[in-house]
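Here the structure comes first, spelled out in structure tokens, and everything after it is commentary.
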Amino acid sequence: MQEKILSLTPEDRASLISARLARLAKNPLFKADTISTVEGETTTDITTGEIIIMTVTEKDAEVPGKPRTELARNYEEIFRAAITESNNAYSIRSISIGALYALLATAVLVALLIAIARLFKKVVAKINSCKGTKIRTIRFQSLELLQEDRNEAFIITVANTLRNMLILILPKDAPR
Numbered sequence: 007m008q009e010k011i012l013s014l015t016p017e018d019r020a021s022l023i024s025a026r027l028a029r030l031a032k033n034p035l036f037k038a039d040t041i042s043t044v045e046g047e048t049t050t051d052i053t054t055g056e057i058i059i060m061t062v063t064e065k066d067a068e069v070p071g072k073p074r075t076e077l078a079r080n081y082e083e084i085f086r087a088a089i090t091e092s093n094n095a096y097s098i099r100s101i102s103i104g105a106l107y108a109l110l111a112t113a114v115l116v117a118l119l120i121a122i123a124r125l126f127k128k129v130v131a132k133i134n135s136c137k138g139t140k141i142r143t144i145r146f147q148s149l150e151l152l153q154e155d156r157n158e159a160f161i162i163t164v165a166n167t168l169r170n171m172l173i174l175i176l177p178k179d180a181p182r
């Protein structure tokens, strides 16, 4: 786009064209094959229905050295391809596949959380069963330094802290 049209600079024209294409691409019902060219005396409009996406002038066609109508048809093909690619990226099928992957990842995460909870219940039960045998009061001569209840509580706290750290790290290590 080399020519100023009305009060629009080439940069303004480019941003308006981009905005129009983005608006069309966001519409899931829009079909790219409705984009066509309409010849005028000095311009060629690229349209879809009543909406003019872009106007190609003779001056626009000078830089690439192509006839105005050929340049307009090239842009028409580019716009169709871009809209088609956008529609494919946001099609119901691709969105459905993404939703299924999200559900699968959620189910795996829930299963892992349940497994961790069950595992740590067994760990705490094992710690409780070791009270009095492997977990005893720590003494130095006749002085009690740590009572067995406190030792048990400390070991359970360490186990719970490890469980919580594992739960926090788990989603970050998941493949993306």
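Add 6 to a position in the sequence shown, counting from 1, and you land on the number used in this note's numbering. Yeah, the Cβ is synthetic: ideal placement off N, Cα and C, and Gly gets one too. Treat the numbers as computed from the prediction; the structure is a model and nothing was measured.
* In this structure, does DSSP put Lys128 in helix, strand or coil? -> Numbered from 1 along the sequence shown, position 122 holds the residue referred to as residue 128. Here Lys128 sits in helix by DSSP.
* Asked: Do three or more CB pairs link the region 62 to 77 to the region 93 to 111 at distances below 8 Å?
  -> Between the region 62 to 77 and the region 93 to 111 there are fewer than three C-beta pairs closer than 8 Å, too few to call the two in contact.
* Which partner residues does Thr61 have in the DSSP bridge list? -> Counting from one through the sequence shown, the residue named residue 61 turns up at place 55. In DSSP, Thr61 forms a bridge with Asp51.
* Asked: Any idea which residues DSSP pairs Arg145 with across the strands?
  -> Working through the sequence shown from its first residue, we reach residue 145 at position 139. DSSP lists Glu150 as partners of Arg145.
* Asked: Going by DSSP, what residues sit across from Lys137 in a beta bridge?
  -> The residue you call residue 137 lines up with position 131 of the sequence shown. Ile141, per the DSSP bridge assignment.
* **Cβ neighbours of Leu27 in the same chain (closer than 8 Å, five flanking residues each side left out)** => For this step, residue 27 is matched to residue 21 along the sequence shown. So the list reads Ile59, Phe85, Ala88, Ile89, once near-sequence residues are dropped.
* To do: Out of Ala20, Arg29, Asp155, Val114, state which residue places its alpha-carbon closest to the alpha-carbon of Thr143.
  => By 1-based counting over the sequence shown, the position of residue 143 is 137. Checked all of Ala20, Arg29, Asp155, Val114; the closest Cα to Thr143 is Asp155.
* Could you pull out every residue in the same chain whose Cβ sits closer than 6 Å to the Cβ of Ala31, ignoring the five residues on either side in sequence? => Residue mapping note: residue 31 aligns to position 25 of the sequence shown, counting from 1. So the list reads Ile89, Ser92, once near-sequence residues are dropped.
* Do the region 158 to 168 and the region 123 to 134 touch if we need at least three Cβ pairs shorter than 8 Å? -> yes
* Asked: Where do the ends of the beta strand (DSSP E) carrying Ile41 lie?
  -> For the purposes of this step, residue 41 is identified with residue 35 of the sequence shown, where counting begins at 1. Taken as a continuous stretch (DSSP letters only), the beta strand (DSSP E) holding Ile41 covers 41 to 45.
* Asked: How would you call Ile41, buried or exposed, if buried means at least 16 neighbouring beta carbons within 10 angstroms?
  -> Numbered from its first residue, the sequence shown carries residue 41 at position 35. The residue in question, Ile41, is buried, as its Cβ has 16 or more Cβ neighbours within 10 Å.
* To do: Decide if Thr50 is buried, meaning its Cβ has at least 16 other Cβ atoms within 10 Å, or exposed.
  => Here residue 50 is taken as the residue at index 44 of the sequence shown, counted from 1. Thr50 is buried by the Cβ-count criterion.
* To do: Round the Cβ separation of Leu172 and Ile120 to the nearest angstrom and send it over; I've been treating them as touching at under 8 Å.
  => Here residue 172 refers to the residue found at position 166 when the sequence shown is read from its first residue. Here residue 120 refers to the residue found at position 114 when the sequence shown is read from its first residue. Incorrect: roughly 13 Å between the Cβ atoms, too far for contact.
* What residue range is occupied by the uninterrupted alpha helix (DSSP H) comprising Phe36? -> Looking up residue 36 in the sequence shown gives position 30. Neither: Phe36 is in no alpha helix (DSSP H) and is coded neither H nor E.
* Going by C-alpha distance, which of Ala117, Val114, Ile162, Leu115 is nearest Lys128? -> Taking the first residue of the sequence shown as 1, we reach residue 128 at position 122. If we check each option's Cα against that of Lys128, Ile162 comes out closest.
* Ile84 - containing alpha helix (DSSP H), residue span -> The count along the sequence shown starts at 1 and reaches residue 84 at position 78. Segment 74 to 95, the alpha helix (DSSP H) holding Ile84.
* When the distance is taken between beta carbons, is Arg19 closer than 7 Å to Thr43? -> Sequence index remark: in the sequence shown, residue 43 carries index 37 (1-based). Sequence index remark: in the sequence shown, residue 19 carries index 13 (1-based). Going by C-beta atoms, Thr43 is not nearer than 7 Å to Arg19.
* Compute the distance between the beta-carbons of Ile57 and Glu82, then report whether it is under 7 Å. => As a position in the sequence shown, residue 57 is number 51, starting the count at 1. As a position in the sequence shown, residue 82 is number 76, starting the count at 1. For Ile57 and Glu82, no; Cβs fall outside 7 Å.
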